[in-house]
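Counting from 36, one number per residue, gives the positions in the sequence shown under my numbering.
Beta carbons are placed, not taken as given, at the ideal position from N, Cα and C, and that holds for glycine.
These figures come from a predicted structure and were not determined experimentally.
Below: the structure, in structure tokens.
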Amino acid sequence: MTGKDTTILQAMKQSWQLSRKNMWLLVSVLGGIIISFTLTMTVLTTLILVPLIIIESTIKLSMPMFAGITLTFIQILFFCGGAVLQPLLAEALTSISHKAEQQPLKQLERHLVRPKILGWLADHKLLQAGLVLGFIVLCMSNYITLQKTVYQPTTQIVAHRGYANKALENSITAMEKAAEAGADFVEMDIQQTKDGKFVVYHDATLSRLAGRSGQIYKMNLDELVGMPIKNNQFKDEIPSFEAYVDRAKELKMKLLVEIKTHGHETQDMEKQLVDLLRAKGVANDYIIHSLDRASLERVLAYDPTITTSYILAMSIGRLPDVPMPYLGIEEFWMTSDLLKQADEQGKGIMVWTVNKENLLHKYVRMNTFSLITNNVDKAIEVRDSYDKQKTLYERIQIIIERL
36 MTGKDTTILQ AMKQSWQLSR KNMWLLVSVL GGIIISFTLT MTVLTTLILV
86 PLIIIESTIK LSMPMFAGIT LTFIQILFFC GGAVLQPLLA EALTSISHKA
136 EQQPLKQLER HLVRPKILGW LADHKLLQAG LVLGFIVLCM SNYITLQKTV
186 YQPTTQIVAH RGYANKALEN SITAMEKAAE AGADFVEMDI QQTKDGKFVV
236 YHDATLSRLA GRSGQIYKMN LDELVGMPIK NNQFKDEIPS FEAYVDRAKE
286 LKMKLLVEIK THGHETQDME KQLVDLLRAK GVANDYIIHS LDRASLERVL
336 AYDPTITTSY ILAMSIGRLP DVPMPYLGIE EFWMTSDLLK QADEQGKGIM
386 VWTVNKENLL HKYVRMNTFS LITNNVDKAI EVRDSYDKQK TLYERIQIII
436 ERL
């Protein structure tokens, strides 16, 4: 069998049959090749990244398109590197097994792309055009991927009860306004009704918005859904949670679902909620949060894959040790020390309810996971003004810190 026909696995099989003396030669040669290859790839990758790092750091402006092109060159580098490493290892293994030490480069050239192939490529314009087109498509694909991952906003803007400054709180209209504004999440409140269903409503009673007496837990869903509600600015109607989720799916809007407990829930309330989310196909897309820690623990006991957030009524001193990956902290109590504690615990912080522009700036600069706000347009404007200045390196640092 010639070196030309030998595969890596075949060569390895032959090499393992060497004497102990040649085994040390095998280890040293292969180790040298792998170490040299790793160092070379590291240096070349760094050199490819340097222009992006320098430009973003100099002009303080994120450049996802340039990053996409840079990533494409790195992918090409590793593809070519792999194409070189495979025959190099095969040749080394074969040469050692045959105790052949002469002219390794001449043997290696059988496995590598020969100059005549490059010449052939130069004569085929259509193939050249295809390679250029493939490069452009790969660049665009990397750009889109980076936009959806590394270059995603680092602070999520959560519309409090929908966009309550532009429509009635917790109405489907308010969610639609939040989606139009570009919110990342809509925070909304649900309660269980007398018949074990879920309605989207904040208060325990109907007096503030419906202008009538009545408690949510004493009424069936069909009595509540469609009931007219209003405040000083807007009019709307109470929606069911199921209808709310259906519209959220149409809008591709993620929800931060707050469980408002009134003490009269069914024993399997949390199971019913999770089952509904599963049936709608959104169980792992939404975040469930609540002031009721026991309720959240029951959610996790039934389905540990559900993302949850524990809302703290007040935050003084040490943060509680809870299994929820997120903590909701009122803006009044929020400090840099609490953020540091959360980072140490590997938890994200959701600050509520942040409406003033100076406070929006403050918490965006702190890189909190999210801001829950009634001032959605301004929050997005502030967040985006900072995000445009974050370099690739800074973004990766934030992502690593949140893992």
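My assumption, with CB atoms under 8 Å, is that Lys289 sits in contact with Asp219. Please give the rounded CB distance. In this structure, Lys289 and Asp219 form a Cβ contact; the two beta carbons are roughly 7 Å apart against a cut-off of 8 Å.
Looking only at its chain, what residues have a beta carbon closer than 8 Å to the beta carbon of Trp59, apart from the 5 residues adjacent to it on each side? none
Got a sec? Which residues, its chain only, sit under 8 Å from Ser420 by beta carbon, not counting five neighbours each side? So no residue of the chain qualifies.
Tell me, please, which residues DSSP counts as bridged to Gln110. None; Gln110 has no bridge partner.
CB contact flag (Thr343, Met369, <8 Å): no
May I have a chain-ordered list of the beta strand (DSSP E) segments no shorter than 3 residues that lie completely inside the region 320-369? Taking only runs of at least 3 residues, the beta strand (DSSP E) segments lying wholly in the region 320-369 are 322-325, 342-347 and 361-365.
What separation, rounded to the nearest whole angstrom, lies between the Cα atoms of His297 and Gln226? 8 Å
On the DSSP bridge assignment, give the partners of Gly383 in chain order. Tyr361
Should Gln191 be labelled buried (16 or more other beta-carbon atoms within 10 Å of its own) or exposed? buried
Buried or exposed: which applies to Lys423, given that a residue is buried once 16 or more other Cβ atoms fall within 10 Å of its Cβ? It counts as exposed.
From Lys212 to Ser206, what does the alpha carbon distance come to, in whole angstroms? Roughly 10 Å separates the two Cα atoms.
Which ranges would you report for the alpha helix (DSSP H) in the region 206-289 if only whole runs of at least 4 residues count? 207-216, 242-245, 256-259 and 276-286
Arg247, buried or exposed, once every other Cβ within 10 Å from all chains shown has been counted against 16: exposed
State the Cα-Cα distance for the pair Met223 and Phe170, rounded to the nearest angstrom. 45 Å
Does the distance from the C-beta atom of Leu120 to that of Ile83 stay below 8 Å? no
Top-ranked residue by Cα proximity to Thr81, from Val62, Thr105 and Val309: Minimum Cα distance to Thr81 is reached at Thr105.
Any idea what DSSP makes of His396, helix, strand or coil? helix
Give me whichever residues DSSP pairs with Ile407 in a beta bridge. DSSP, once it has assigned bridges, lists Val193 as partnering Ile407.
Taking only the alpha-carbon atoms, compute the straight-line gap between Glu126 and Leu79 and give it to the nearest angstrom. 24 Å
Proximity winner among Leu65, Gly165, Val172 and Met76, relative to Ser130 (alpha-carbon distances): Leu65
Considering only C-alpha positions, which residue in the set Met349, Asp412 and His237 is nearest to Leu373? Among Met349, Asp412 and His237, the Cα nearest to that of Leu373 is on Met349.
Counting pairs of Cβ atoms below 8 Å between the region 316-327 and the region 243-259, do you hit three or more? No: the two stretches stay apart, fewer than three of their Cβ pairs being nearer than 8 Å.
Close-in-space but distant-in-sequence residues of the same chain around Leu354 (CB under 7 Å, 5 per side omitted): Leu362, Leu373, Gln376, Ala377 and Gln380
Rank Ile88, Leu161, Thr301 and Gly116 by C-alpha distance to the C-alpha of Leu74 and give the top, closest one. Gly116
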